[in-house]
Every structure is written in C-alpha cells, then in structure tokens.
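Trainee: The structure is given below, and queries will be raised subsequently.
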Amino acid sequence: MLQQAREAVERRGQRTVIALHSVDHEGEGPEGPSLGYRVANLERSFADLRTRLDDLAVVVARMDTKLDYLATRDALEKLRGEVMTSLAGKPGLGAMWAMGITLFALVVAAMSAGAAYLPFLTRSLHGSP
C-alpha cells in the first residue's frame, strides 16, 4: 500500500515526493532506532514546505499589488447609482421615437415646400418668355 501511495504522489507530477511511512512503531519511544530517520524526513518535508510557502508569499504579494487597481463591490454599486441617477432625466424610448418622427415630418414638409417653390424660382432666375 505504501508503494502505491508513493506512485500516486509521483504520478501527480509534484516536485518532491513525500516519503510515506507507517506510523506503527510498536515499542519505540523517543529513543527508538528509527527516530533519526523520522526526524530527517520531517526536516526534509519542512524544508520543502518552507520553499513552497516562500513561493506562495511571492504570488500573494503580486496579487495584492494588482488588487489595488480593481474596483470593489461598493465602488461598483456607487457608480451604478450615479449612472442610474443621470439616466433618470433622459428621455425614454417612446420620447425618442416621437422626436424622430417629428423631425422626419418637418424635413418632408420643408422638402415639399421647396419642391413647390422651385418652378417660381426657375422662372424668376431665367426670366419669363
């Protein structure tokens, strides 16, 4: 079972393989024969853990500097309130359509008046025969 656990750890692609040991140390006290071996393994594991924590500290520091540029939820809610307040005084979709139709009607009326006046304008510019 220990060998299977080691192979599983190696398959995960970890940088270091943590040695897995049985905790069944019957009759072994603090001065047991495997104490030095166990302490050496703990020291190696702790060194690896310390290296990983140092790597994480660098990543967290980079994330912390980037977080200053991101908006917080409160800032976004405040901005949303300001935008909604400024949009409240703007005309709605129906009012925009009404203005567009009115402008179109005025342009059509102006073009019709210009077309009706065109024969009189050409007579006055070219003279009457």
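Mapping of the sequence shown onto the numbering used here: residues 11 to 139, in sequence order.
Glycine is no exception: its CB is placed at the ideal position from the N, C-alpha and C atoms.
Quick caveat, the model's predicted, so the values are computed rather than measured.
Give the secondary structure of alanine 71 by DSSP, where H, G and I count as helix, E and B as strand, and everything else as coil.
Mentor: It is helical.
Trainee: Span of the alpha helix (DSSP H) holding threonine 95?
Mentor: Counting along the chain, the alpha helix (DSSP H) containing threonine 95 begins and ends at 83-98.
Trainee: Taking the alpha helix (DSSP H) that glycine 137 belongs to, which residues open and close that run?
Mentor: Taken as a continuous stretch (DSSP letters only), glycine 137 belongs to no alpha helix (DSSP H), as it is neither H nor E.
Trainee: Going by DSSP in three states, proline 129 sits in which element: helix, strand or coil?
Mentor: Looking at proline 129 - three-state DSSP - the assignment turns out to be helix.
Trainee: What is the rounded straight-line gap between the Cα of leucine 80 and the Cα of leucine 86?
Mentor: About 10 Å.
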